[in-house]
Every structure is written in C-alpha cells, then in structure tokens.
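Chemist: One structure follows; several queries about it will come next.
Number of protein chains: 2
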Amino acid sequence: MNRSSDVKGLIDIDGCSVRVVDAPRVATVRERMPATQDLDDTADVFGLLSDPGRLRLLVSLLDGELCVCDLAAVTGQSESAVSHALRLLRAHRIVAVRRSGRMAYYRLEDPHVRMLLDLALAHTEHSELIHPERGEQS
Amino acid sequence: MNRSSDVKGLIDIDGCSVRVVDAPRVATVRERMPATQDLDDTADVFGLLSDPGRLRLLVSLLDGELCVCDLAAVTGQSESAVSHALRLLRAHRIVAVRRSGRMAYYRLEDPHVRMLLDLALAHTEHSELIHPERGEQS
DNA sequence: TGCTCATATGAATAGGTCTTCAGACGTCAA
DNA sequence: TTGACGTCTGAAGACCTATTCATATGAGCA
Numbered sequence: 162m163n164r165s166s167d168v169k170g171l172i173d174i175d176g177c178s179v180r181v182v183d184a185p186r187v188a189t190v191r192e193r194m195p196a197t198q199d200l201d202d203t204a205d206v207f208g209l210l211s212d213p214g215r216l217r218l219l220v221s222l223l224d225g226e227l228c229v230c231d232l233a234a235v236t237g238q239s240e241s242a243v244s245h246a247l248r249l250l251r252a253h254r255i256v257a258v259r260r261s262g263r264m265a266y267y268r269l270e271d272p273h274v275r276m277l278l279d280l281a282l283a284h285t286e287h288s289e290l291i292h293p294e295r296g297e298q299s
Numbered sequence: 162m163n164r165s166s167d168v169k170g171l172i173d174i175d176g177c178s179v180r181v182v183d184a185p186r187v188a189t190v191r192e193r194m195p196a197t198q199d200l201d202d203t204a205d206v207f208g209l210l211s212d213p214g215r216l217r218l219l220v221s222l223l224d225g226e227l228c229v230c231d232l233a234a235v236t237g238q239s240e241s242a243v244s245h246a247l248r249l250l251r252a253h254r255i256v257a258v259r260r261s262g263r264m265a266y267y268r269l270e271d272p273h274v275r276m277l278l279d280l281a282l283a284h285t286e287h288s289e290l291i292h293p294e295r296g297e298q299s
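Top line first, the protein sequences correspond to chains S and C. Quick note: to get my numbering, add 161 to the position in the first sequence (first position is 1). Quick note: to get my numbering, add 161 to the position in the second sequence (first position is 1).
Here it is in structure tokens:
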C-alpha cells in the first residue's frame with residue numbers, strides 16, 4: 162500500500178499525508194485510541210451532563226425518584242423545559258419513568274452516569290474550579 | 162416572611178409560588194443541591210468533554226505531552242481546529258503548554274478531568290451505550 | 001360526559017458552538 | 001534579512017441546542 166512513513170516528518174493517515182514530529186509516538190497513541198463509536202458515545206454522555214438545567218435534574222434524582230412538577234420546583238425551571246430535558250435523558254436511558262395515574266416519577270437509571278456525577282460533584286464542592294480567560298503561565 | 166408552605170401543594174421558591182407534590186422532599190433536595198456556581202462550573206467541564214474533537218485530544222494526552230501537529234495527526238483534525246480547541250482547554254486550565262522554540266507541547270494538567278476521562282472510557286469500552294430514539298418502556 | 005390536572009409535544013425563535021479560511025506572530029536557518 | 005515553518009488568531013458561515021408558547025394527550029373526578 163502507499164505508505165510514506167519513511168518520508169521524514171510525513172506519515173499517512175486515512176489515506177492522506179500529514180506532517181508529524183514524533184511519528185512512532187503518534188502511531189502508538191493512535192493505536193490506543195478507543196473506537197470512534199465509543200468516543201462519540203462518551204462525548205454524547207458528557208454533552209447530556211453539560212447543561213446546567215439537566216445537571217440539576219440529575220443531581221436532584223441522585224437519592225430517589227421525583228415527579229415532574231417537583232423537579233421543576235427543585236431546579237427552578239418551567240415544567241415544559243423539565244419535560245423536554247427529561248425526554249432527552251429518557252431517550253438515552255439515563256433516567257427512567259414510573260407512571261402512576263397522571264403523575265410521572267423519574268429516577269436516575271444509569272449507574273455509569275451516577276458515578277460520573279458523584280465524582281464530578283465531589284471535586285467541585287471541595288476545590289474551586291478556575292475560570293476562563295484569567296491569563297496563562299509563561 | 163411570606164411563607165405559604167402551609168397551602169396544600171404550593172410552596173414559595175425564590176419569591177414565587179410553585180406547585181409541588183412532596184413539599185418536604187422538595188425542601189430536602191433543594192438543601193442538598195450544590196451551589197449554583199459549582200453546578201455551572203461542573204456543567205462547563207462536562208461541556209468541554211462533550212465535543213468528540215476535544216475528547217480525542219484529551220484522550221491523546223492521557224499518557225504524555227504532544228505537539229500541536231502530532232495532536233492533529235492523531236485526532237484527524239486540522240491544525241487550526243486543534244489550536245482553537247487547545248486554546249479553550251488551556252483557558253480552563255485543563256491542559257498546559259510547554260513551548261520549545263516554535264513548537265508547543267501540550268499536556269493534560271487537570272487531575273480531576275483525568276479521572277473523569279478514565280472513568281468514562283473504562284465504562285464505554287466494556288459496555289455498549291444505548292442510542293437515542295429506540296422506543297421506551299411501557 | 002365534561003372538566004381539571006399533570007405531563008408531553010411541536011414549532012419557532014434566540015443564542016451558542018464548531019469549522020474553515022485567511023492571515024498574523026514569533027522562531028529558526030541560511 | 002529573508003524565507004520557511006509551527007502555531008495562533010479573528011471573522012464568517014453553517015449547524016446545533018435550549019427555551020418558550022401554544023396545544024395535545026390522557027388520567028381522575030364530578
């Protein structure tokens with residue numbers, strides 16, 4: 162095949178030649194890179210946790226189920242916004258519903274997400290995060 | 162003060178009356194809710210991890226520093242896109258730079274983010290994530 | 001039945017984000 | 001100095017996302 166890894170500072174990636182500095186290192190890191198699908202799924206999960214409204218909903222559900230209107234009250238959002246958010250989270254199996262009459266009780270269903278939340282909150286509550294655009298080092 | 166928690170199903174939140182079902186539970190969950198600032202910061206961090214390009218960059222940096230062009234090669238992005246992404250991550254102190262001549266070597270700086278990445282990847286590589294819009298339960 | 005209630009949904013709008021392109025900047029080598 | 005190089009940046013466009021409003025659905029109650 163048309164490999165050009167022998168060309169100094171140039172390697173083939175996905176069929177097109179790219180400039181690199183540390184070719185062997187690049188090869189190693191590329192091999193260890195998780196599958197595209199896995200990375201995209203992981204990015205999706207992080208994306209679901211990246212909205213303050215949804216994050217609040219999930220944190221509220223950490224120790225038990227709540228109905229939509231209580232979730233709206235706890236998180237300070239409109240019931241419509243909460244419903245839309247829950248629909249998204251439900252579609253990704255992160256929360257699950259229990260229906261009782263006209264009430265809908267949601268619970269946190271994904272243990273993986275629960276761990277991410279626990280880990281993230283444990284850190285942010287103890288150490289202050291640094292805010293953007295505050296100057297950088299030398 | 163104008164508390165109306167005695168009104169059946171109605172409580173005061175931030176000065177305006179809201180309908181709730183389980184008032185004491187709502188109060189408890191609200192008390193346990195982390196500070197607004199902490200939640201917003203946490204959502205920001207998740208947001209930074211929610212882009213496949215940035216996620217790839219950070220994963221690439223998990224075991225050591227790499228220069229911009231190698232990061233572009235490893236992650237399959239343009240050098241400009243990589244530079245923009247690194248700028249964002251740098252502003253949030255998630256990565257740090259070491260400059261040597263005209264080269265810029267980036268490394269993963271935030272141990273908190275490293276843990277989140279490790280946890281997230283450990284799970285996605287072993288268990289398949291469910292994709293959206295596949296129908297739900299009863 | 002009709003009415004109210006709790007939730008769900010669709011459409012539309014406003015705001016944000018990623019990528020690309022063109023060019024700037026500082027460094028190195030000749 | 002000049003030119004090539006590696007990286008950085010700003011502006012522009014296309015795309016995606018969150019919220020709101022209005023309305024629908026479907027359960028309980030009279």
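We put the beta carbon where it would ideally sit given N, CA and C, even for glycine. Since the model is a prediction, treat every value here as computed from it, not as a measurement.
Could you tell me the distance, in whole angstroms, from the CA atom of C:R263 to the CA atom of S:G170?
Modeler: Spanning the two alpha carbons is a distance of roughly 16 Å.
Chemist: Return the first residue and the last residue of the alpha helix (DSSP H) that C:P250 is part of.
Modeler: The displayed chain sequence assigns Leu, not Pro, to residue 250 of chain C. Unbroken alpha helix (DSSP H) run through C:L250: 240-252.
Chemist: Return yes when the Cβ of C:A233 is within less than 7 Å of the Cβ of C:E240, no when it is not.
Modeler: Cβ distance < 7 Å, so C:E240 and C:A233 count as in contact.
Chemist: Return the CA-CA distance between C:Y266 and S:Y267, expressed in angstroms with no decimal places.
Modeler: Spanning the two alpha carbons is a distance of roughly 46 Å.
Chemist: Go through its chain and collect everything with a Cβ distance to C:R275's Cβ below 8 Å, but skip five positions before and after it.
Modeler: If we look at C:R275 and ignore the five residues flanking it on each side, its Cβ neighbours are L223, L269.
Chemist: Compare the Cα-Cα distances from C:S244 to each of C:V235, C:C230, C:D201 and report the closest residue.
Modeler: Comparing Cα positions, the closest option is C:C230.
Chemist: Quick check on the burial criterion: 16 or more other C-beta atoms within 10 angstroms. Buried or exposed for S:A283?
Modeler: S:A283 should be labelled exposed.
Chemist: Counting only C-beta atoms, is C:A234 closer than 7 Å to chain S at any point?
Modeler: It does; some Cβ of chain S falls within 7 Å.
Chemist: Short of 7 Å in beta carbon distance, which residues of its chain neighbour S:G214, apart from the five on each side in sequence? Order them along the chain.
Modeler: Excluding positions up to five away in sequence, the list reads T236, Q238, A242, A246.
Chemist: Which residues in chain S sit within 8 Å of C:S221, going by Cβ to Cβ distance?
Modeler: Residues of chain S passing the Cβ test: V190, M194.
Chemist: Which chain S residues are close to C:S244, counting only those with a beta carbon under 8 Å from its beta carbon?
Modeler: Chain S residues near C:S244: none, gap ~14 Å exceeds 8 Å.
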